[in-house]
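Protein chains in written order, with the numbering used here: chain A, 1 to 109; chain B, 110 to 227.
Note that CB positions come from ideal geometry on N, CA and C, so glycine has one too.
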Amino acid sequence: LAKTTQPISMDSYEGQEVNITCSHNNIATNDYITWYQQFPSQGPRFIIQGYKTKVTNEVASLFIPADRKSSTLSLPRVSLSDTAVYYCLVGSGTYKYIFGTGTRLKVLA
Amino acid sequence: DAGITQSPRHKVTETGTPVTLRCHQTENHRYMYWYRQDPGHGLRLIHYSYGVKDTDKGEVSDGYSVSRSKTEDFLLTLESATSSQTSVYFCAISEKWTSASSGANVLTFGAGSRLTVL
Numbered sequence: 001l002a003k004t005t006q007p008i009s010m011d012s013y014e015g016q017e018v019n020i021t022c023s024h025n026n027i028a029t030n031d032y033i034t035w036y037q038q039f040p041s042q043g044p045r046f047i048i049q050g051y052k053t054k055v056t057n058e059v060a061s062l063f064i065p066a067d068r069k070s071s072t073l074s075l076p077r078v079s080l081s082d083t084a085v086y087y088c089l090v091g092s093g094t095y096k097y098i099f100g101t102g103t104r105l106k107v108l109a
Numbered sequence: 110d111a112g113i114t115q116s117p118r119h120k121v122t123e124t125g126t127p128v129t130l131r132c133h134q135t136e137n138h139r140y141m142y143w144y145r146q147d148p149g150h151g152l153r154l155i156h157y158s159y160g161v162k163d164t165d166k167g168e169v170s171d172g173y174s175v176s177r178s179k180t181e182d183f184l185l186t187l188e189s190a191t192s193s194q195t196s197v198y199f200c201a202i203s204e205k206w207t208s209a210s211s212g213a214n215v216l217t218f219g220a221g222s223r224l225t226v227l
């Protein structure tokens with residue numbers, strides 16, 4: 001199981017781009033990288049997933065370098081509603097998903 | 110929509126009493142999970158199931174038991190609740206997510222069950 005490390009918290013202002021990096025040094029060959037967003041009093045929800053290089057959807061982009069030992073979630077032009085906890089999760093074949101501490105993002109007006 | 114329902118959504122109980130939380134899903138997903146989340150903390154895996162009657166321990170399984178007698182239901186039981194088990198409990202299922210760049214499973218969570226043990 002790949003252990004992940006993320007910054008505990010980050011602050012940003014509305015309209016800025018936010019990049020949250022996750023370290024997963026012992027990622028396995030068949031592991032995917034998945035990011036989740038959690039608002040207070042709700043369960044986490046899926047944002048984006050990737051295996052290598054860059055993935056983009058309507059919400060975010062995910063950058064994964066060639067060695068795959070880290071990944072960066074990029075949120076373009078954040079708004080107050082993006083204030084949440086963001087989790088990076090690595091895993092696949094074992095189906096035993098262990099979350100890290102997550103990054104608490106606070107977007108300021 | 111994975112159709113996950115957790116019950117009860119809120120429960121207050123006393124120390125030493127048994128408590129059962131239920132997770133119900135409507136789409137025949139094989140993998141189901143129970144996590145707990147405490148204030149200011151991340152999600153910790155309690156138990157998970159990979160099929161009917163097939164379960165395994167997670168990170169914090171002491172004091173908890175689970176059962177899965179049919180695909181759609183995954184029960185979490187606290188045999189004798191303690192105050193340290195006051196928490197929000199989330200059920201999740203694992204389902205395939207396919208896109209042009211990926212194809213691994215993702216977790217979909219229920220709304221959570223808030224348990225208070227006095």
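* To do: Within its chain, find whatever has a CB closer than 6 Å to the CB of L216 of chain B; leave out the 5 residues flanking it on each side and keep chain order.
  => On the second sequence, residue 216 of chain B is found 107 positions in, with the first residue counted as 1. So the list reads A201, S203, once near-sequence residues are dropped.
* Asked: T4 of chain A: buried (16+ other C-beta within 10 angstroms of its C-beta) or exposed?
  -> What you label residue 4 of chain A is simply residue 4 of the first sequence in a count that begins at 1. The residue in question, T4 of chain A, is buried, as its Cβ has 16 or more Cβ neighbours within 10 Å.
* Within the stretch 157–215 of chain B, ranges of the beta strand (DSSP E) (whole runs, at least 3 residues) -> If only complete runs of 3 or more residues are kept, the stretch 157–215 of chain B shows the beta strand (DSSP E) at 163–166, 174–179, 182–187, 196–205, in order along the chain.
* **For Y36 of chain A and H133 of chain B, the rounded distance between their alpha carbons** => Stepping through the second sequence from its first residue, residue 133 of chain B is reached at position 24. Stepping through the first sequence from its first residue, residue 36 of chain A is reached at position 36. About 22 Å.
* Among B:S192, B:S158, B:L227, which has the Cα closest to the Cα of L185 of chain B? -> As a working mapping, residue 185 of chain B is identified with position 76 in the second sequence. With distances taken between CA atoms, L185 of chain B lies nearest to B:S158 out of B:S192, B:S158, B:L227.
* Asked: Shorter than 8 Å from the beta carbon of Y173 of chain B to some beta carbon of chain A?
  -> Indexing the second sequence from 1 puts residue 173 of chain B at position 64. The beta carbon of Y173 of chain B sits no closer than 8 Å to any beta carbon of chain A.
* Would you list the one or two residues that DSSP bridges to V78 of chain A? => Numbered from its first residue, the first sequence carries residue 78 of chain A at position 78. In the DSSP output, where bridge partners are listed per residue, V78 of chain A has none listed.
* **Burial state of P76 of chain A (16 or more Cβ within 10 Å)** => Start at 1 with the first residue of the first sequence, and residue 76 of chain A comes out as number 76. P76 of chain A counts as exposed, since fewer than 16 other beta carbons sit within 10 angstroms of its beta carbon.
* Asked: Since G112 of chain B meets chain A, which of its residues come closer than 8 Å, beta carbon to beta carbon?
  -> Numbered from its first residue, the second sequence carries residue 112 of chain B at position 3. What G112 of chain B touches in chain A: nothing, since even the nearest Cβ is about 14 Å away.
* Closest Cβ-Cβ distance between Q37 of chain A and chain B: below 8 Å? -> Counting from one through the first sequence, the residue named residue 37 of chain A turns up at place 37. Not flagged as an interface residue toward chain B: Q37 of chain A, since no C-beta distance is shorter than 8 Å.
* Classification of Q115 of chain B by the beta-carbon crowding that lies within 10 angstroms, buried from 16 upward -> Sequence index remark: in the second sequence, residue 115 of chain B carries index 6 (1-based). Classification for Q115 of chain B: buried.
* If I157 of chain A and Q6 of chain A are in contact, beta carbons under 8 Å, what's the gap, nearest whole angstrom? -> The structure shown does not extend to residue 157 of chain A, since chain A spans only 1 to 109, so no value can be given for it.
* **Per-residue DSSP class, three states only, for V59 of chain A** => By 1-based counting over the first sequence, the position of residue 59 of chain A is 59. It is coil, neither helix nor strand.
* Who are the near neighbours of L130 of chain B in its chain, counting only those whose CB is closer than 6 Å to its CB and skipping five residues on each side? -> The sequence position of residue 130 of chain B within the second sequence is 21, counting from 1. Excluding residues within five positions, the ones whose Cβ falls inside 6 Å are L185, Y198, S222.
* Got a sec: is the Cβ-Cβ distance from V121 of chain B to anything in chain A below 8 Å? -> Here residue 121 of chain B corresponds to residue number 12 of the second sequence, with the count starting at 1. For V121 of chain B, no Cβ of chain A is located within less than 8 Å of the residue's own Cβ.
* For E136 of chain B, which of B:S176, B:A220, B:I113, B:V128 has the nearest alpha-carbon? -> Locating residue 136 of chain B in the second sequence gives position 27, where the first residue counts as 1. Minimum Cα-Cα distance from E136 of chain B among the listed residues B:S176, B:A220, B:I113, B:V128 corresponds to B:I113.
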